[in-house]
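Counting along the sequence shown from 1, when you hit position 235 you're at 500 in this note's numbering, and nothing is skipped either side.
From the three backbone atoms N, C-alpha and C, an ideal C-beta is built for every residue, glycine too.
Predicted model only: the values in this text are computed from it and were never measured.
Have a look at the structure below, then the notes.
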Amino acid sequence: MASILFIGDIVGKPGREAVNKVLPGLIARRNPDLVIANGENAAGGAGITEKVLDELTEAGIDLVTGGNHIWDRKEIFQFIDSSEQLLRPANYPEGTPGRGSIVIERNGTRYCIANILGRVFMRPIDCPFSCANKICTAQGKDADITIIDFHTEATSEKQALAWHLNGRVGAVIGTHTHVQTADERILPGGTAYISDVGMAGQYNSILGVDPEGPLKRFLTQLPAELSITGGRKLFNAVFIDFEVRTGKALSIERINSIIK
Ligand SMILES: [Fe+2]
Ligand SMILES: [Fe+2]
Numbered sequence: 266m267a268s269i270l271f272i273g274d275i276v277g278k279p280g281r282e283a284v285n286k287v288l289p290g291l292i293a294r295r296n297p298d299l300v301i302a303n304g305e306n307a308a309g310g311a312g313i314t315e316k317v318l319d320e321l322t323e324a325g326i327d328l329v330t331g332g333n334h335i336w337d338r339k340e341i342f343q344f345i346d347s348s349e350q351l352l353r354p355a356n357y358p359e360g361t362p363g364r365g366s367i368v369i370e371r372n373g374t375r376y377c378i379a380n381i382l383g384r385v386f387m388r389p390i391d392c393p394f395s396c397a398n399k400i401c402t403a404q405g406k407d408a409d410i411t412i413i414d415f416h417t418e419a420t421s422e423k424q425a426l427a428w429h430l431n432g433r434v435g436a437v438i439g440t441h442t443h444v445q446t447a448d449e450r451i452l453p454g455g456t457a458y459i460s461d462v463g464m465a466g467q468y469n470s471i472l473g474v475d476p477e478g479p480l481k482r483f484l485t486q487l488p489a490e491l492s493i494t495g496g497r498k499l500f501n502a503v504f505i506d507f508e509v510r511t512g513k514a515l516s517i518e519r520i521n522s523i524i525k
């Protein structure tokens, strides 16, 4: 058996603090073979820096995935090509810096992990379904277990990719909305699924930022600064067990903790 812990979008300093507080205990208790987290908002709520990536890996995260906010910090272009601990979405045009998928070996098990962007209520991007097909037939066939972080808005698109990959991958894990859904399940082919893992970040917030900024945008339709001040924190993740021989998921469990 093999297991992974997947943490939802880490948003700014409160998100990193939540990870630092919760993750060591979770690793000690549950002993996952691999820890993955979405980090597209890890630096101040937008993008990721090398320093923040180092902080996350030092906290026990093996691999950080991205999303539509991955390019928000210009310094990303200085380290994304050389980093083996950071993925950007795989369905950007050919020649985009960084990598969209990777094979990692842990405790004798080979994991293929891919980060894919959706297209519903998102900016135009190459087809996520054909991108997933390509990854399954290329890197996926050399791996024991394939895990897809599907970063997109609509639950319909997330469910569609999960059914498209049903039985071909171990897990399709939704990210991007920062709100955890209660629909975790195993599809008939053995693919673990959740529409969205949620986030690690400020609890009293709108998607991880102080309510004032987004509220002003909704009420006035004018631009407004977004800020993150801290306070209580939310830690959202899923824990998934797999059978290594078949690459299929055996169980998926949601973690939803509110911490000081
Ligand atoms: Fe995000
Ligand atoms: Fe996103």
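- Query: Helix, strand or coil: how does DSSP classify Asn398 here?
  - Reply: Reduced to three states, the DSSP call for Asn398 is helix.
- Item | Residues near ligand 4, criterion Cβ-heavy atom distance below 6 Å | This structure lacks ligand 4; its bound ligands are ligand 1 and ligand 2.
- Query: Any heavy atom of ligand 1 closer than 7 Å to the CB of Asp274?
  - Reply: For ligand 1, at least one heavy atom lies less than 7 Å from the Cβ of Asp274.
- Where Phe415 falls, given that 16 or more other Cβ within 10 Å makes a residue buried: The residue is buried, with at least 16 neighbouring Cβ atoms inside 10 Å.
- Report the residue from Ile272, Pro289, Leu318 and Gly466 whose alpha carbon sits nearest the alpha carbon of Ser492. Checked all of Ile272, Pro289, Leu318 and Gly466; the closest Cα to Ser492 is Gly466.
- Query: If you check the beta carbons only, do Ala419 and Val385 fall under 8 Å apart?
  - Reply: Against a cut-off of 8 Å, the Cβ pair of Val385 and Ala419 comes out as a contact.
- Item | Start-end ranges of the alpha helix (DSSP H) lying completely within the stretch 396-482, minimum 4 residues | Contiguous alpha helix (DSSP H) elements confined to the stretch 396-482 occur at 420-429, taking only those with 4 or more residues.
- Is it buried or exposed for Met266, if we count other Cβ within 10 angstroms and need 16 for buried? When all chains shown are included, Met266 counts as exposed.
- Candidates Ser348, Ile378, Gly280 and Ser395: which alpha carbon is nearest Ala324's? Distance check between Ala324 and each of Ser348, Ile378, Gly280 and Ser395 places Gly280 closest, using alpha-carbon atoms only.
- Task: May I ask you to report which of helix, strand or coil DSSP gives Asn285?
- Result: If DSSP states are grouped into helix, strand and coil, Asn285 belongs with the helices.
- Per-residue burial, Asp475 [other beta carbons within 10 Å of its own, 16 or more giving buried]: Buried, by the Cβ-count rule.
- Query: Who are the near neighbours of Thr330 in its chain, counting only those whose CB is closer than 6 Å to its CB and skipping five residues on each side?
  - Reply: If you ignore the 5 residues before and after Thr330, its C-beta comes within less than 6 Å of the C-beta of Asn303, Leu352, Asn380 and Asp414, all in its own chain and listed in chain order.
- Cut-off 7 Å between Cβ atoms - residues of its own chain near Lys525, not counting five sequence neighbours on either side: So the list reads Arg497, once near-sequence residues are dropped.
- For chain D, find out if any of its Cβ atoms is closer than 8 Å to the Cβ of Glu422; answer yes or no. Going by chain labels, chain D is absent from the structure shown, which holds only one protein chain.
- Task: Hey, could you find the ends of the alpha helix (DSSP H) Phe344 is sitting in?
- Result: From DSSP, the alpha helix (DSSP H) with Phe344 extends over Ile341 to Phe344.
- Scan the stretch 477-523 and note each continuous alpha helix (DSSP H) run of 4 residues or more that stays entirely inside, going in chain order. If we require 4 residues or more, the alpha helix (DSSP H) runs fully inside the stretch 477-523 come out as 477-485.
- Message: Following a CB-centred definition, is His429 positioned closer than 7 Å to any heavy atom of ligand 1?
- Response: His429 Cβ: outside cutoff for every heavy atom of ligand 1.
- Task: Give me the Cα-Cα distance between Ser470 and Gly365, rounded to the nearest whole angstrom.
- Result: Cα to Cα, Ser470 sits roughly 30 Å from Gly365.
- Item | Distance between Ile410 and Ile451 (C-alpha atoms, nearest Å) | Approximately 15 Å between the Cα atoms of the pair.
- Task: Could you tell me if Asn306 is buried or exposed, where buried requires 16 or more neighbouring beta carbons within 10 angstroms of its beta carbon?
- Result: With 16 or more Cβ atoms within 10 Å of its Cβ, Asn306 is classed as buried.
- Query: Would you call Lys339 buried or exposed, if buried means 16 or more other Cβ atoms sit within 10 Å of its Cβ?
  - Reply: With fewer than 16 other Cβ atoms within 10 Å, it is exposed.
- Alpha carbon to alpha carbon, what distance is there between Gly277 and Thr494? C-alpha separation (whole angstroms): 10 Å.
- Rounded to a whole number of angstroms, what is the C-alpha to C-alpha distance between Glu422 and Val317? Their Cα atoms are separated by approximately 30 Å.
- Where do the N-terminal and C-terminal ends of the alpha helix (DSSP H) with Leu318 fall, by residue? Boundaries of the alpha helix (DSSP H) harbouring Leu318: Glu315 to Glu323, taken from the DSSP string.
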